[in-house]
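Chemist: I have a structure I would like to understand better, so I am pasting it below and will then ask my questions one at a time.
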Amino acid sequence: TNGLKFNGGADIYGLIYGDQATWDEVGAGNGSINGALIVRGNYCANANADYNYRGDLLKNIRGLTGTMARIPGSWKDF
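For the record, in the sequence shown the residue sitting at position 8 is 225 according to the working numbering, with numbers rising by one throughout.
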């Protein structure tokens with residue numbers, strides 16, 4: 218299966234996006250997501266992870282990545 222897979226005590230900061238995700242308890246320690254996790258499909262957690270929505274981190278990401286704009290004729294898919 219395709220998708221995100223987290224193991225053990227990972228501490229993640231920021232925005233995470235995926236079609237599906239699993240978090241398996243491997244090794245010692247609990248993990249955490251600080252920011253936001255967006256999953257389009259299934260999410261399965263077999264670990265004691267902490268989920269902390271952090272709007273301040275998401276604002277920083279938005280401000281630091283620049284802006285996007287559509288430019289006609291700039292994309293070719295061949």
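Virtual Cβ for every residue (Gly too), placed ideally from N, Cα, C. Keep in mind the model is a prediction, meaning the values are calculated, not measured.
Going straight from the alpha carbon of A262 to that of N251, what length do you get?
Modeler: In the sequence shown, counting from the first residue as 1, residue 262 sits at position 45. In the sequence shown, counting from the first residue as 1, residue 251 sits at position 34. In a straight line, the C-alpha of A262 is about 16 angstroms away from that of N251.
Chemist: DSSP state of I233, grouped into three classes?
Modeler: Counting from 1 along the sequence shown, the entry for residue 233 is found at position 16. Three-state DSSP puts I233 in a strand.
Chemist: Taking DSSP as the reference, what is the three-state secondary structure of G252?
Modeler: Start at 1 with the first residue of the sequence shown, and residue 252 comes out as number 35. Here G252 sits in strand by DSSP.
Chemist: Any idea what DSSP makes of T218, helix, strand or coil?
Modeler: As a first step, residue 218 is located in the sequence shown; it is residue number 1 there, counting from the start. For T218, the predicted structure reports a pLDDT of 48, less than 50, and the residue's modelled location is therefore unreliable. A value from the coordinates is still provided. If DSSP states are grouped into helix, strand and coil, T218 belongs with coil.
Chemist: What does a CB cutoff of less than 6 angstroms around Y234 pick up in its chain, not counting 5 residues either side in sequence?
Modeler: The sequence position of residue 234 within the sequence shown is 17, counting from 1. Around Y234: I255.
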